[in-house]
Amino acid sequence: MQKPVCGSLDPSDWADFRAQSHQMLDDMLSYVENIRQRPVWQPIPAETRAHFQESLPYLAGSLGAAHERFMHDVLPYTVGNVHPCFMGWVHGGGTPVGMVAEMLAAGLNANLGGRDQMPVEVERQVVRWMRELFRFPDTASGIFVTGTSMANLMSLLVARTAVLGSAVRQTGVHGSAAQLVAYTSSAAHGCIAQAMDLSGLGTSALRRIPVNARHQIDIEALQAAIDADRQAGLRPFFVAGTAGTVDVGAVDDLSALANLAHCHGLWFHVDGAYGALGMLAPDVAPQLVGIERADSLAFDFHKWGQVPYDAGFLLVREAARHMDAFAAPAAYLRREARGLAGGSPWPCDFGPDLSRGFRALKTWFTIKVYGAEKLGKVISETCRLARYLAAQVEADPALELLAPVALNIVCFRYRCADSDNANREIVADLHESGIAVPSTTTVNGRLAIRVAIVNHRTGAQDIDTLLSAVRAIGATRCAASSLENQCPTL
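Spelled out as structure tokens, the structure:
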């Protein structure tokens, strides 16, 4: 056995390292296997936080000691989205398959910025699968990114370049004859406005269109806004529909948006952060009709796709337009016809990142191992559970449903005299109890308990556990509030 090179960071004792590595893998598999025995979330003790105030270590430590610190001070105090009773934000639950695939990717340590290597071909395979799933043409390109926030920003930059020409990359948007304006619904994710900010177009150039009773973008109001902007001498260029709004899970009328965008020559983008993958479920896919007509589509595999974080994705109908926005040839990135510098175009031609991790591998493993049909059944089940929860809420006079249930998000509240404050406290109490983790949002001006059912581990018993705790905590909270209101102030 060869000795490690002097100064190398490889283990001096591979057998010892292998044993410790196996222990680390076993500990994480046990964590996932026994997740129901743990609280969903628990507050971090002050002394545990204090451990992470230490100075920069200059001397070497041991892998075993670092692992022990992780198990004691990190693992018990995570956000909790692996747990089946985590229903707060739209976080996927991850899988053991994705976890070990991530280990393989880390072992390869591949930089997927480009060059002629099989990891890039794995990413291209996933691009082809997504073209098939969303019925995009063969001209479509795709790329892995951190998440939909980044993908939405990139789609805006592609649309900007498409409407103003590639010269905008040198001259900037101030060289445009007319100010560009974009449109989305008032229920759209805040990252759409952030994309306008970061792109230099400005948030004041984004029109937030009201929603209808189903929380979808109001098509007539959108038409009126476009007409008004044209009459004012502005240049409408981009409309972002939403497939699964962040507050209630509504899906815009994507076919109507596609028609309107085509009529006005607008770039039609869909923010499908989690809802787009509903295409995998035959009973959900009909709600997404029109998504196949998008010019660009952003979504996350790490939500409904159950891939470990992070694995966002951008799909663009025309690869040439996609490249126009990002490709930047440089001498040190010269492409060749043969050798490792072959394989053009490279992923870095389709986005701002030159250094890129192998996100595609855990996604490829997830799809290959579970298959599209099984992943679709998971999505269908989360929606069924949401309907089950909504039915339970509507049947209980102590509870109130605050929005229609389109996909897998349920917004409701416990009826109480001081409802907003009471429901806010109910959610905080639930978090600190470790029983369940919902979140809050505001629906029509009223604070709601928001339950997003995303985790493949969640079952009807977990919904019942959540509701039982809401009822118990709500009754206690409202009784105490009523008593306080009856007592005279001293």
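Following our numbering, the numbering of the sequence shown begins with 8 at its first residue and continues without gaps. The beta-carbon is built from N, C-alpha and C at its ideal position, and this holds for glycine as well.
TODO: Taking only the alpha-carbon atoms, compute the straight-line gap between V104 and A486 and give it to the nearest angstrom.
DONE: Position 97 of the sequence shown, counted from the start, is the residue given in the question as residue 104. Position 479 of the sequence shown, counted from the start, is the residue given in the question as residue 486. Taking the straight line joining both Cα atoms gives about 47 Å.
- [ ] Check each candidate in A301, A318, I298, G297 and name the one with the smallest Cα separation from D307.
- [x] The residue labelled residue 307 in the question sits at position 300 within the sequence shown. The shortest Cα separation from D307 among A301, A318, I298, G297 belongs to A318.
- [ ] Give the single residue among G179, H463, S206, A194 whose Cα lies nearest to the Cα of H309.
- [x] In the sequence shown, counting from the first residue as 1, residue 309 sits at position 302. Minimum Cα distance to H309 is reached at H463.
- [ ] Just tell me which of F93, A200, V39 has its CA closest to the CA of L437.
- [x] Residue numbering aside, residue 437 sits at position 430 when the sequence shown is read from its first letter. Looking only at F93, A200, V39, the smallest Cα-Cα distance to L437 is reached by F93.
Open item on the list: Just to confirm my understanding: we take I216, look at its own chain, exclude 5 residues before and 5 after, and list those with CB closer than 8 Å. What are they?
Closed with: The residue you call residue 216 lines up with position 209 of the sequence shown. Excluding positions up to five away in sequence, the list reads Y190, T191, S192, S193, I224, D225, A228, L229, A232.
Open item on the list: Quick check: the stretch 159 to 166 against the stretch 274 to 290, are at least 3 beta-carbon pairs closer than 8 Å?
Closed with: These segments touch.
- [ ] Check whether the Cβ of P359 lies closer than 8 Å to any heavy atom of the ligand SAH, and answer yes or no.
- [x] No copy of the ligand SAH appears in this structure; indeed no ligand is present at all.
Task: Those runs of the alpha helix (DSSP H) which lie wholly inside the stretch 306 to 387 and span at least 4 residues - done: Within the stretch 306 to 387, the runs of alpha helix (DSSP H) that reach at least 4 residues and sit entirely inside it are, in chain order, 326 to 333.
- [ ] Mind reading off the beta-carbon distance from S97 to A459? Whole number of angstroms is fine, and I expect it under 8 Å.
- [x] In the sequence shown, residue 97 corresponds to position 90, counting from 1. In the sequence shown, residue 459 corresponds to position 452, counting from 1. The amino acid occupying residue 97 in the given sequence is Val; Ser does not appear at that position. The Cβ separation is near 5 Å, so the contact holds.
TODO: Determine the closest residue to P293 out of T449, P315, D259, with distance taken between C-alpha atoms.
DONE: Taking the sequence shown and counting its residues from 1, the one referred to as residue 293 is at position 286. Here the closest residue by C-alpha is D259.
Task: Assumed close pair T210, A200 - CB separation to whole angstroms, cut-off 8 Å - done: Along the sequence shown, read from residue 1 onward, the residue named residue 210 stands at position 203. Along the sequence shown, read from residue 1 onward, the residue named residue 200 stands at position 193. Indeed, because the Cβ distance is near 5 Å, the residues count as touching under 8 Å.
Task: Among M35, G87, H74, Y38, nearest to E439 - alpha-carbon criterion - done: Against the sequence shown, residue 439 aligns to sequence position 432. The shortest Cα separation from E439 among M35, G87, H74, Y38 belongs to G87.
Open item on the list: Quick check: is the beta carbon of R237 nearer than 9 Å to any beta carbon in chain C?
Closed with: The question asks about chain C, but that chain is absent: this structure has only one protein chain.
Task: Range of the contiguous alpha helix (DSSP H) that encloses Y38 - done: One-based indexing of the sequence shown puts residue 38 at position 31. Counted as a single uninterrupted DSSP element, the alpha helix (DSSP H) harbouring Y38 occupies residues 21 to 40.
TODO: Reducing DSSP to helix, strand and coil, say where P126 ends up.
DONE: Within the sequence shown, numbered from 1, the residue matching residue 126 stands at position 119. DSSP places P126 within a helical segment (H, G or I) once states are collapsed to three.
Task: T373 versus A305 - alpha carbon distance - done: By 1-based counting over the sequence shown, the position of residue 373 is 366. By 1-based counting over the sequence shown, the position of residue 305 is 298. The straight-line gap from Cα to Cα measures roughly 19 Å.
Open item on the list: Using the three-state DSSP reduction, which class does H271 fall into: helix, strand or coil?
Closed with: As a first step, residue 271 is located in the sequence shown; it is residue number 264 there, counting from the start. Of the three classes helix, strand and coil, the one that applies to H271 here is helix, per DSSP.
Task: Whether G99 touches T465 by CB criterion (9 Å) - done: Stepping through the sequence shown from its first residue, residue 99 is reached at position 92. Stepping through the sequence shown from its first residue, residue 465 is reached at position 458. Cβ distance not < 9 Å, so G99 and T465 don't count as in contact.
- [ ] Identify whether D278 lies in helix, strand or coil by the three-state DSSP scheme.
- [x] Locating residue 278 in the sequence shown gives position 271, counting from the first residue. Here D278 sits in strand by DSSP.
Open item on the list: I'd like to confirm the pairing. Which residues does DSSP put opposite T515 in its beta bridges?
Closed with: Residue 515 falls outside the range modelled here, since the chain spans only 8 to 497, and no answer is possible.
Open item on the list: Am I right that L414 and C390 are in contact with their C-beta atoms under 8 Å? What's the rounded C-beta distance?
Closed with: Position 407 of the sequence shown, counted from the first residue, corresponds to residue 414. Position 383 of the sequence shown, counted from the first residue, corresponds to residue 390. That pair is a contact at about 6 Å.
- [ ] Could you check the C-alpha separation between G346 and Q238 for me, to the nearest Å?
- [x] Indexing the sequence shown from 1 puts residue 346 at position 339. Indexing the sequence shown from 1 puts residue 238 at position 231. The alpha-carbon atoms of G346 and Q238 are separated by roughly 56 Å.
Open item on the list: Please report the straight-line C-alpha distance between D145 and L16, rounded to a whole angstrom.
Closed with: The residue you call residue 145 lines up with position 138 of the sequence shown. The residue you call residue 16 lines up with position 9 of the sequence shown. Cα-Cα distance, rounded: 44 Å.
Open item on the list: Just list the residues that DSSP pairs R214 with in beta bridges.
Closed with: As a working mapping, residue 214 is identified with position 207 in the sequence shown. In the DSSP output, where bridge partners are listed per residue, R214 has Y190.
- [ ] Could you spell out the range, first to last residue, of the alpha helix (DSSP H) harbouring C198?
- [x] Walking along the sequence shown from the start, residue 198 turns up at place 191. Counting along the chain, the alpha helix (DSSP H) containing C198 begins and ends at 197 to 205.
Task: Inter-residue Cα distance where the pair is A393 and L295 - done: Translated into positions along the sequence shown, residue 393 becomes position 386. Translated into positions along the sequence shown, residue 295 becomes position 288. Distance between the alpha carbons of A393 and L295 is about 18 Å.
- [ ] Report the three-state DSSP secondary structure of G285 (helix, strand or coil).
- [x] For this step, residue 285 is matched to residue 278 along the sequence shown. In the three-state reduction of the DSSP assignment, G285 falls in the helix class, which pools H, G and I.
Open item on the list: Tell me the residue span of the beta strand (DSSP E) that contains E299.
Closed with: Within the sequence shown, residue 299 is the residue found at index 292, counting from 1. No beta strand (DSSP E) contains E299, which DSSP labels as neither H nor E.
Open item on the list: Using C-beta distances below 7 Å, list every residue in its chain close to R142, excluding the 5 sequence neighbours before and after it, in chain order.
Closed with: Taking the first residue of the sequence shown as 1, we reach residue 142 at position 135. So the list reads E299, once near-sequence residues are dropped.
- [ ] Tell me whether the beta-carbon of A250 lies closer than 9 Å to the beta-carbon of D278.
- [x] By 1-based counting over the sequence shown, the position of residue 250 is 243. By 1-based counting over the sequence shown, the position of residue 278 is 271. Cβ distance < 9 Å, so A250 and D278 count as in contact.
Task: Contiguous alpha helix (DSSP H) assignments of at least 4 residues, all confined to the stretch 120 to 174 - done: Qualifying alpha helix (DSSP H) stretches, in chain order: 125 to 141, 155 to 171.
TODO: May I have the straight-line CA-CA distance separating P314 from E388, to the nearest angstrom?
DONE: By 1-based counting over the sequence shown, the position of residue 314 is 307. By 1-based counting over the sequence shown, the position of residue 388 is 381. For clarity, residue 314 is Val in the given sequence; the question names Pro instead. For V314 and E388, the distance between alpha carbons rounds to 17 Å.
Task: Nearest-angstrom Cα separation, counted from L473 out to M110 - done: Counting from 1 along the sequence shown, the entry for residue 110 is found at position 103. Counting from 1 along the sequence shown, the entry for residue 473 is found at position 466. Within the model, the alpha-carbon separation for M110 versus L473 is close to 34 Å.
TODO: With a cut-off of 8 Å on the beta carbons, I'd call G481 and A405 a contact; round off their distance for me.
DONE: Taking the first residue of the sequence shown as 1, we reach residue 481 at position 474. Taking the first residue of the sequence shown as 1, we reach residue 405 at position 398. Between A405 and G481 the Cβ distance is about 7 Å, and since that is below 8 Å, they are a contact.
TODO: Please classify I470: does DSSP put it in a helix, a strand, or coil?
DONE: Mapped onto the sequence shown, residue 470 falls at position 463. Look at I470 here: in three-state DSSP terms it is helix.
Task: Three or more C-beta pairs below 8 Å linking the stretch 24 to 35 and the stretch 417 to 425 - done: By the Cβ rule, the stretch 24 to 35 does not count as touching the stretch 417 to 425, because fewer than three pairs are nearer than 8 Å.
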